[in-house]
Structure formats: structure tokens, C-alpha cells
Amino acid sequence: ALLKGCQIVGVFWGAFTAREPQRNKANLAELMAWYQDGKIKPLVSKTYPMARAAEALNDMAARKVQGKVVLVP
-3 ALLKGCQIVG VFWGAFTARE PQRNKANLAE LMAWYQDGKI KPLVSKTYPM
47 ARAAEALNDM AARKVQGKVV LVP
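In C-alpha cells, the structure reads:
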């Protein structure tokens, strides 16, 4: 799908992390750098305290959120 000139591609990340741990580490470091530089801005839909983690999972399963759910201590 194209959105604002970007292409979004899904991948089976689990296999990649096991097969290419060093490349995965480098990719995550690059993603964190992009985040710190403000180049990417994840959509945080909702935050929950850790004590309400079950509620957060239920809301995700019920499709009550878009984007990311963040648990905070």
C-alpha cells in the first residue's frame, strides 16, 4: 500500500531475529536513531499503567485501539 509516497511491507520478524541477530541489532539501532531524530513518530493510541496490562490486551483484541499501546510502570 502506498501512503504519502511510502510503501509498507510486512515481514515475519521472528525468523529474521533468530537467523540474523547482528543485522537485527543494527536495524533496531537505526530505528531508535530515527526516533530520537524525530524522523519517525509511532502512533501511540493509548497508555495504560502496568497494573492494567490485561485491560490493554483485551482492548487490543477487541480492536479498540489503533497504533501502539504503551504500558507504563
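With our numbering applied, the sequence shown closes on residue 69, and no number is skipped along the way.
Cβ atoms here follow ideal geometry from the backbone N, Cα and C, with glycine treated the same way.
Quick one, which of Val65, Thr13, Pro38 has its alpha-carbon nearest Met46's? Locating residue 46 in the sequence shown gives position 50, where the first residue counts as 1. Minimum Cα distance to Met46 is reached at Val65.
What is the rounded straight-line gap between the Cα of Gly63 and the Cα of Glu51? Taking the sequence shown and counting its residues from 1, the one referred to as residue 63 is at position 67. Taking the sequence shown and counting its residues from 1, the one referred to as residue 51 is at position 55. The straight-line gap from Cα to Cα measures roughly 16 Å.
Spatial neighbours of Val68 within its chain, please: CB distance less than 8 Å, with the 5 preceding and 5 following residues excluded, ordered by chain position. Translated into the one-based positions of the sequence shown, residue 68 becomes position 72. Contacts found: Thr43, Tyr44, Pro45, Met46.
Determine the DSSP secondary structure at Leu27, reduced to helix, strand or coil. Residue numbering aside, residue 27 sits at position 31 when the sequence shown is read from its first letter. Three-state result, Leu27: helix.
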